Each structure stands twice: as structure tokens, then as C-alpha cells.
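The structure under discussion appears below in the form of C-alpha cells.
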């Protein structure tokens, strides 16, 4: 931390006082705006030190969010807002700033170069400004959608919150530029579902899966900690889990997951260290089954009253892997951590076992994204034939979902389709980030019946890539997965697809000009054998090699898109990753969509609503109070 | 012709009188609108009987057309206007109608069901209404573009004029529907070029190539008449030609062409009859070189002062084929015709020979249009390499152009590209009709230099087809040609292209699912041999057969489009249809376009201009005069 010189410190303090005084005066004028009951239920630190703390609540009836921003050490002001991917440029902002005399609060936006402009329409509405022992506390609200084209539309899924600290006064709002500011971002699901909390069983016990005195590394780290269930721990149902965050480390613990290992190893060498460490035992690779997951801003995860997640018992591994993502961009040192997750479980098994099913794309290089694409879509299908074969007659109920891609994913959506009609969105995140993967409770349970189709589409940005990004397990490869949490548990563990690899060979043949004289119909990756021209001997290039040799031009891009949108798929309708349900699963036609779901149009506040905004009081523009 | 009963005739006459009286009164009020000098220079009959006659003139400075509509037997009114393809529905109309008491003149439009609506903006402006011995004569004007979204934008190329006759009064404009009306269409180039007429040589002689007492068939017919030049007729230059239309047949003679035959036959059996007749001599097939062409609405065609079209002499055939298209939809009988074309020629050869060059697509099935496409584009390239090889250092000057497709063509455009930049449009018709092919003088001579590129694109509508339409010579096959008229004549007779047939084979392989196990790289059409997988034996299907077996779906359509937009081409850079300029002409990359020509935006009249419109006088809406 850089310590400001005494005079700067003094000046900043003076401005801070000016801001506070001005705002207190101002709030006296605000009438008839009942703030929600405090404290607001959701809370996150915005910056790594925790100097800026945001609390919020959601009113679905008013379609409005109430924000409370606590600024612990106010200097000359603060920017707070939202942007598409977390930049402070092209952002929708509230700005609290001073010109040295007065302080102002306004709804603004930043352009591509970081210059701040006042919104023509003021949609952030200040409700209260208060000095508290902890710092300046601002209460304000904003509708989800404002109809101001410069405003961010707050929707389900991830929201990239951004902030910037103003260290000195500015003569005008337009004089502020985001470059050079101390700034940062925090990802959060703002629109938390309002679901009633199920009653917990009386016999409930807890088990804390947590790190032990980890010295938080001075850079961003995934920490792996192997733990195990007690000897002969019988089968239980997890009914709830919640985070345990070591006090003071709230801004450093980014997300936590608990993975159950498969029981292929009787014993696994104990380990606690960086997940990237060379000393990490190889056996830990089998610990991939998500048991619990928490991320910043999430609260306790409750299973529905009639279901629980089985753990323990003789058929499952005793070993659990705790993975903690420490996010430490400012290299804070000397912090010890014991964070983890507290599992609440019951011995009285609930009526249903909850299950986790994997939807989306098979991990195969035949699904690939060309380089330099800003929004390339890949789609995986869980077909009617598979749900017909695998789901119980009364269907299943999806109550939560965790979306997953690797580094280039920007959007994920799963759509439920019945009789060719899009019925509802299972889960959708138009601002998905691979750095923020949480298990999200659905706002509404989704019922899926035999014969239904689940279509999962992922959008990727490969603008900074020079080669194709192929599907696969590696970090530099891509995935498109939605882990749905549902009950009653079925044998169907994964329902995914990839395009027919033989058609992909024809694609390579068409677009690879150097191939003019060659022809090969022998894809390597998937073990499938395509019919082959008799007598042809082929150079046996792998699919990633073939993708690497595609000349990426408008033709090869358009045709690959068309291929993925049209070509028959191979469906993995599997009991486990290796065992398929009986049936023919290759060359399956893509599900036909007869009718699309309408995109909800944001309801704009009427002009009457807008005129009730009291922003005129907030003397924006430089007049003295 | 149906004769109206006495009472109806009487009523119609009464309304006619009412219309005239009202309009005469009305015109007295119109001030300061100087009509152009009469008679207007361009004239066509609108209906087969010639009861409606349109004259017009173009003011390029005012960007306005002056129309004069002569209605010989006015009943209760008339609709006149323009539409995209000649329908009276979705048309931009002026309506003259009576409700029995008063008569009205208004700018209107017809919707998809033929219902008439008043335009919110009145852009047709009445200048004069006059009873003359020939009938009611209406003079009105309209800007090319009006900025009324319901109005037709008058641009270069073909305009489909439409008309409808109102036989009885209507209570209101909205009560009029186009269904049931006597109606029709006439295609015309409204925006005639204003070019100064070159002086004709003093030794000029004329030769009339005309039909001899042809009894016009009672249905639409192409009439073929073989004629020949005098024995030992030496080489001359045609400097001008003009139509000779038999008086009274103006509405029946649709267009006329004179073709020169090749001199491969010493003699050709004389013939005069329907071009479809089985008795037509086979030798007439060699008469394909256009010497002169006229179509309805066109006037005399003048060669530039320094050039003439050579004909006669020992190296060319003596035989000329006159083809007259009689358009007789109402089966008028008993008319004899001697129409034709009068050639004006000189023995004093001008400085330059004029030439005709063929641009566009090679006649080959590898260029095809899928069925059910509303606007599929095929493009032919005359590449820089070819113009470099074939054009003289000082280049050529294009002064006229004739666009040509077969039945599904709807648009044709040729663009001149230099150093990757679109320079200018050579010729363009966004309302092209295969039923209206004229040689059009260009408004401005286009200079083409070695290294320039000429790109000709044709748009096709195959919505009524069930199979692909392949390129070729047959009527049911398609072409994309621009015959450019230029000087000085060069050896380059055709500069056209088609996509590489080997890539097309890869396309078939990709999209023909039934082909899954087969692979064939042996296209038949062009004589090219593609590299072939060793040892493969292929079923030798022809390209049209292969197109016929393509399953037309979004995939095969998108990929074919992408293929045509991207794949290297084979260029025909030919001295005659068989002899190529030396060089490698296959697998040529498509010309790159770095900068596009800006679409001209129609300049809208300012609101002041609109307010000077005197339409308020035209008591529309039913008030009494």
C-alpha cells in the first residue's frame, strides 16, 4: 500500500468530510422512499483489502435492487457499477465525487477510453448517505432494466461489479477518467433466488471440511487439501452446506469446492499444498465428483426438503478433496486461513437421493472453436431418445445448476425443449466467467420428462488465440458443461453429444486446400471408424493436428459454423462415463425446434416513475449547496 | 372486348365528365408550376389496346420525373404506378377516382391484399388535367426518391409500371381493391440517359431489317425471320439504329433483336415463322451474335462519334436473324405486322471498331441456384490477370450494356474494381426482368484499364422451383451475362468465370449424406480432371445429377453460398469461345475488395419543399367542390 503524503491525506480527509456533510444535508430532502429493512442480506467485499463493501437486496416485485456501499476510508470519491466483462471502461456507473467545494452523486457511464459522462437519465436513486463508525454508508437503488441505452441490464447470472477510487477532487464529472485509478472488479450473482429455506432435520449434524492454517500465498493460488471421512462412516444425506470463511480473509477466499474421489484407490497419500505443485499425488486426479461448491457472494446451499445428497457408505470413497481458490492480486502477505465448507447432514435418509447429471458437450477435439472469434457457439444435445431411455416416467426435478467451461467461455445456457417447442430456460448466464463457477439454486424447479430435450450452448471468445481451441480436458482446451442437480437420482450420469466425426473429416477435406490431392476418412479421436475410400492410404493426422492446419478464413469459419449447426451428432447417453444405455447413439439428427421462447423485453419505467426520481436535488453540475 | 351495357356506359361517361370538370377547376388553382415543354420525349402504351398511353421526361437537376398519362376512354378512374415486380399489390400508385359526385387525384399505395390506402405524404403532384380530342390528359410529376417508406424509389434500370382501370365509382379511396380490376404492367427504363446525340455521317445509308406481313399470332410469340445482306456487301460501320414499328401495333411489339450468324454455313435455309416451330432450320442456332436490340420504350441507339459496329465484308456471314417478340396477352387477332429495325451505316469506317464483350458466368452447371431461394447471388469475375493480358495499354471505353439472365434472374450488376477498390457501377438493374432486355446506353462512359477487375453478380429467385437450377444454355438453366459494348475492339470476346469444379465435388461429398461411403473427385462438366484418391472407382454422375441429389437444407444452402463466395475460380479469358489467352486460368483466387462503393442515399425533399405541394387543393376525403 502506498501511503499518501500528509498534505494529500489531509486534503482527502477534508473532501471526505465535505462529501459526508453535503450528503447528509441532501438526504433530509429525500421524501417517501422507504429503504428496505437493514441489514441487507447479501454482502461481499469489492476490493482485496475489503475497504469497499457492498450489501444488497433484491425486490422482485419492484424489479429493483437496493445497494448499500460502505466506503471505509473515503478519499475524494468512488465509482461503482457494472460492465460486460469487468472493465471500468464501457461501464454503467454511480459516481460519488467532489470538486473540492461540494460533493455530488450521479448516474454516469464510462466510454471506451474511460472518460466519464453523466447519463441523460438518472436511474440510480440515492436513498441515504450516512457517516457510521465503519465509514460512509450510501444506500441507493436501481431497477433491473432502465431503458437507458447506456445502462447495464441486470439479469440472472453473473454480474461483473466494478469500482474505482478517486484520490483527488475533479472540477467536473467529465474530467474524471478511469485510467490511473485504483480499481478492480468483483463477480457476483446479484439476482439471488428468493426461495423459502427448507426446515432442517432435528438429527442434523455438521462436518467441517476446512484448510488448516494455510499461509495464504502471495499470488493467486488454487489450494488442494485432501481430507477423509471417518472410518466406517455410513451413508448419510447432505441436506445443507455453508461456507466457513476465516475472519479477515473474506476478500481473499474466492471460491471453494469439495470433490469426492472415486473408490478406485484404497488409499491416497495425504496432501495439502498448491494444486499446481509437483508434489501433488497423481491419485488426486480421480477426485472430480463435485460434492459441494461455494463462491463469493453465495450463501448456504439447501437441498429441497424431500431430497439429500448421499455421501459415506461402503460403496463410495472415504476421500474428499477440498480446493480453495485464494485470489490475492495485491500480494497481501502473512495471512493464515482455515476456510472451508460446513456440511450439514442427516442419518435419516430423505425420500429421494439427489443426483448430479452432466449436460453439454463430450470432451473431444471434434468440437472446436476457430481463433479470433468474438462469440462462437458450440452446442451439446441431450436428446429425446436418451431422456426416453433413461428418465423415470414421472420425470426429474432440477433444482440447481453449475455451469462450466474453460478459459474462453463467456456465456452458457441450457434450454428445455418439449415436442419441438422451447419450454423454459434451465439456467442461463450471459456474463459467464470461468473464474466464477457456483452451484446456483434455480429460481423455479424445472421438471424434465422422458422425451424432453436439453440443449446446452456455450459461447466462446477466442480473439486472443492464434490457433483453434479444441474440446478436451486440458486447461487450454475447452468444455461446455452444465452440472444439473436434480432428484430423484437416476442412472443417467451424463447426457452429452459431439458432431459426427466422419462429417468433420469431410469438412477438413473441403477447407484444407493443401489437401487437394489427399483424402482421409479415418478420424482418430473418438475411436469411430468412418467408411473409407477403398485402397486409400491416409496420413493419420489427429483431429487437433487437422484443426491446426485449417486456414482460418471466412469460408472455413462459415462452413464450420454451419456444420456444427446442422450435422448429426453422436450422443453419450451414459450410466457412467464408460457405460452407455442400450441403443444406437451415433448419427442422431439434431432436435428440431419449431417454436422459440420469446426473449423477455425489459419493462421500462414509465415517464411518471422517472419524474418521481429526486435526482434534481442532487445539485449535479457544480452549483453551490 | 366486353361492351358495357348502355346504362353502365352512360354512368361511366358521366363520371368521366365529372372527373374532367373537377380537375379543370382544380388546375386553375395550381400556381407557379411550369410544366416541361411538350410533348414529353418518351412514350409507351401501357395496355395491349393502347387505351392508356404514358409519356414522360426526366429532369436530373430536379431529380424528378414528369409523367403525362393519356386516358382514351375514361370510365370511373384509373390507377397508375410502380411496384417491385409488376404486381398491382404492394404498389406505389396515383389514383384518379370518383365517388359519383366529385373526382379526386391522390398519392396512394396498395397493400398485400390489394387494398388502396392514401399516402401520409403526397408526392405525386398534379400539374394539369385536360380534356383533349384523344382523351383525358393528366400531367403530374414525382421526385425519384420521396422518403415516404410506402413509395417506390425510382432508380436506374427497369421499372415495372402498373395500371388498373376503375369501371365504377367508389365511396372512398379505401373502398378500392385491385382484385377484379382490369389491370396490367409495362416494363420500362424510366431514367433514360441524357446524352448528346452524335452527328451522323453525310454518306449515311439505311437498311431496314423487318418482318413481312406477319399475321401477329393470337398468343405471345417469338417470331424468327432470316434475312441476308446483299451479295458482296462490303464492310461498313453501323452508326445508329432505330425501331420501325408498324402503326397500330405499338402495344404488341415488345422487343426486337437482330443476330448475326457465324459464317460456318455457306447457306442457310430461308425461314419466317415462330422461333419455337419445328420447321425452324437447325442452322439458325449459329445466329447468336447480337447486332442490334430494341425494347419497348427505347429510342434510337447511337454509337459514339468515334466508333461504329462493323458488319458486312468477306469475313462475316451474310445471314442475319430478326427476332420479334409479339406480346399479345389479350389475344388480339387479325393484325399484320412489318416491324423491324432500321440500321444506319456508313462506308467511311470510323476510327474505332466497336466491340461486344461478354462478362459474367461461364455456361456451366457448376454454378447453380438451390430451389426455394428468394435472392440467391451468383458472381462471375473478369480478373485483373485477364484484363492485363488482353486490354490495350490505354484501356477500353464501355458505352452501353445489355444484361442477360434466363427466367429466374431478378437483379444484375457489374462493378468496376481497381486496386481492390470498387470504382463505379458499369450497369445495374435491381428490377431486372428476363422479359425486358435492352441494350442500354450508359449515362457515363466507363474506362477500363489493364489490371482492372469487372465483377458481375446476378440475383435469382427460385421460390417456385423444386430442384436446383444449374447454369447452362437451356431456357430452364441459368445464365449471368453482361454484354458490354465498348471500343476500341479487342481480341477479348469473353471474360467470365466459374468456381473450381474440384471444390464443388468436395461440397457434394460433404452435403450428400447418402454419399457417406463414397468419394469421387471426377467432375464431368468442364473437362478438368481433379486429383483423385488412388484406387477409388467413382460412380460417374454428372454435375446436374449431383445437384439434383443434394438434400436442400440450411446446411447445404449455407455451405454452397460460402463456397461460391470464397472458392478459387477458373477464368475464361478468351479470344473466342474456344481460344484462350495464354496463361494459367484455373484455381485463380477471388479478387479482394478492400473498399466498397457507398450506396447512394436518396436525397429527401426538405419539409419546406413538401409544404409547397399544392395537394391540399385536391379536396381528398370527400368534401364537395
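Chains as they are written, first to last, in my numbering: chain A, 219 to 843; chain B, 219 to 843.
Glycine is no exception: its CB is placed at the ideal position from the N, C-alpha and C atoms.
This one's a predicted model, so the numbers in the text were calculated from it and none came from an experiment.
- Taking 8 Å as the threshold, the shortest C-beta distance from residue 586 of chain A to chain B does not fall below it.
- Within chain A, the residues placing a beta-carbon under 8 Å from that of residue 773 of chain B are 780, 781, 783, 784, 785, ordered along the chain.
- In this structure the segment 375-395 of chain A lies against the segment 320-338 of chain A, because at least three pairs of beta carbons, one per stretch, are closer than 8 Å.
- About 4 Å separates the CB atoms of residue 441 of chain A and residue 542 of chain A; that is less than 8 Å, so the two are in contact.
- A direct Cα-Cα distance of roughly 27 Å separates residue 452 of chain B from residue 792 of chain B.
- Residue-level contact by beta carbon holds for residue 727 of chain B and chain A, with a gap shorter than 8 Å.
- In the three-state scheme derived from DSSP, where H, G and I count as helix and E and B as strand, residue 289 of chain A is classed as strand.
- In the structure shown, residue 775 of chain A falls within a helical segment according to DSSP collapsed to helix, strand and coil.
- In the three-state reduction of the DSSP assignment, residue 704 of chain B falls in the strand class, which pools E and B.
- Under DSSP, the beta-bridge partners assigned to residue 301 of chain A are A:378.
- Counting other Cβ atoms within 10 Å of its Cβ, residue 645 of chain A reaches 16 or more and is therefore classed as buried.
- Secondary structure at residue 503 of chain A: helix, using DSSP grouped into helix, strand and coil.
- For residue 617 of chain B, there is no enclosing alpha helix (DSSP H); the residue is found in the beta strand (DSSP E) stretching over 614-622.
- Taking the C-beta atoms as reference points, residue 303 of chain B is found nearer than 8 Å to residue 378 of chain B.
- What residue 777 of chain B touches in chain A, judged by beta-carbon distance under 7 Å, is 777, 780, going in chain order.
- Under a criterion of Cβ atoms nearer than 7 Å, the residues of chain B adjacent to residue 724 of chain A are, in order, 727, 728.
- Within the same chain, Cβ atoms closer than 6 Å to the Cβ of residue 781 of chain A are found at 725, the five residues on either side in sequence being excluded.
- The segment 498-508 of chain A makes contact with the segment 470-484 of chain A; the number of CB pairs closer than 8 Å reaches 3 or more.
- Annotated three-state conformation of residue 342 of chain B is coil, per DSSP.
- Across the structure, residue 436 of chain A and residue 783 of chain B are spaced so that their CA atoms are roughly 54 Å apart.
- In the three-state DSSP reduction, residue 631 of chain B falls in the strand class (E or B).
- Residue 800 of chain B counts as exposed, since fewer than 16 other beta carbons sit within 10 angstroms of its beta carbon.
- Beyond the five residues adjoining it in sequence on each side, residue 813 of chain A comes within less than 6 Å, by CB distance, of 639 in the same chain, given in chain order.
- Contact between residue 620 of chain A and residue 655 of chain A holds, with the beta-carbon distance rounding to 6 Å and staying under 8 Å.
- Cβ-Cβ separation between residue 702 of chain A and residue 519 of chain A: approximately 14 Å, too far for a contact (criterion under 8 Å).
- Taken atom to atom, the span from the alpha-carbon of residue 591 of chain A to that of residue 401 of chain A is near 28 Å.
- DSSP places residue 605 of chain B inside the alpha helix (DSSP H), whose first and last residues are 602-608.
- Considered as a whole, the segment 371-444 of chain B harbours no complete run of any alpha helix (DSSP H) with no fewer than 4 residues.
- Rounded to the nearest whole angstrom, the CA to CA distance from residue 269 of chain A to residue 772 of chain B is 55 Å.
- Out of B:544, B:413, B:717, the CA that lies nearest to the CA of residue 432 of chain B is found in B:544.
- Residue 672 of chain B is positioned such that its CB atom lies closer than 8 Å to that of residue 713 of chain B.
- The C-alpha of residue 536 of chain B lies about 23 Å from the C-alpha of residue 494 of chain B.
- Burial is judged here by how many other beta carbons sit within 10 angstroms of a residue's own beta carbon; residue 569 of chain B has fewer than 16 and is exposed.
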